[in-house]
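Enquirer:
Numbering (our numbering), first residue to last: 723 to 857.
(1) Once DSSP output is grouped into helix, strand and coil, what is the label at residue 809?
(2) Roughly how many angstroms separate the alpha carbons of residue 857 and residue 734, rounded to a whole number?
(3) Rounded to a whole number of angstroms, what is the C-alpha to C-alpha distance between residue 766 and residue 838?
(4) Could you check if residue 731 is buried or exposed, using at least 16 other CB atoms within 10 Å of its CB as the buried criterion?
(5) Pop quiz: residue 787 and residue 803 are said to be a contact at Cβ under 8 Å. What is the actual Cβ separation, rounded to whole angstroms?
(6) On the premise that residue 784 lies in contact with residue 808, defined as a C-beta separation below 8 Å, what is that separation, rounded to the nearest angstrom?
(7) Whole alpha helix (DSSP H) runs in the stretch 819-843 with 4 or more residues, listed along the chain?
(8) Should residue 821 and residue 830 be called a contact, given that it needs their Cβ atoms to be closer than 7 Å?
(9) Drop a sphere of 10 angstroms on the beta-carbon of residue 792, count the other beta-carbons inside from all chains shown, and report buried for 16 or more, exposed for fewer.
(10) Can you look up residue 753 in the DSSP assignment and give me helix, strand or coil?
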């Protein structure tokens, strides 16, 4: 199996851990897959469990707070995280796994349209400039 196939077989929230495991396995895919399988057996927990890799998913209350904070602060993640009462990392994980591509996609598409109409879809508050942002 190729590295691309291995990485594509992982869920979005598994990719960082999967890449670290691959590196620790000297980029031998079969060894990385075996290590992931052994982790499942050793910890008696499925590696697919979101909380195992990324922390607990946002609660319903946190999701509502995140939506309100995005409306108020656009993509200013430190401000959004403060409003939600969590870390920017948890907010970004939710944004990319649920808000942008998951069960909240319709809301994202509406907000994206608003950002594009306002001309601030790719505005960087730090450098006071637009363009493609690097994460």
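Backbone N, C-alpha and C fix where the C-beta goes; we use that ideal spot for every residue, glycine too.
Expert: The structure says:
(1) Counted from its first residue, the chain shown places residue 809 at position 87. Residue 809: coil per DSSP, three-state reduction.
(2) Within the chain shown, residue 857 is the residue found at index 135, counting from 1. Within the chain shown, residue 734 is the residue found at index 12, counting from 1. For residue 857, the pLDDT reaches just 45, beneath the cut-off of 50, and the residue's location in the model is therefore unreliable, although a value from the coordinates is still provided. Each residue's Cα considered, the two are about 16 Å apart.
(3) The count along the chain shown starts at 1 and reaches residue 766 at position 44. The count along the chain shown starts at 1 and reaches residue 838 at position 116. Confidence at residue 766 is low in this model, with a pLDDT of 47, below 50, so the placement of that residue should be treated as unreliable; the coordinate-derived value is given next. Cα to Cα, the separation comes out at about 46 Å.
(4) Here residue 731 corresponds to residue number 9 of the chain shown, with the count starting at 1. Residue 731 comes out exposed.
(5) Working through the chain shown from its first residue, we reach residue 787 at position 65. Working through the chain shown from its first residue, we reach residue 803 at position 81. About 10 Å separates the two Cβ atoms, so there is no contact after all.
(6) As a first step, residue 808 must be located in the chain shown, where it is residue number 86. As a first step, residue 784 must be located in the chain shown, where it is residue number 62. At roughly 6 Å, the Cβ-Cβ gap stays under 8 Å, so residue 808 and residue 784 are in contact.
(7) 827-840
(8) By 1-based counting over the chain shown, the position of residue 821 is 99. By 1-based counting over the chain shown, the position of residue 830 is 108. Result yes, Cβ atoms of residue 821 and residue 830 sit closer than 7 Å.
(9) For the purposes of this step, residue 792 is taken as residue 70 along the chain shown, with counting starting at 1. So residue 792 ends up on the buried side.
(10) Here residue 753 refers to the residue found at position 31 when the chain shown is read from its first residue. Residue 753: helix per DSSP, three-state reduction.
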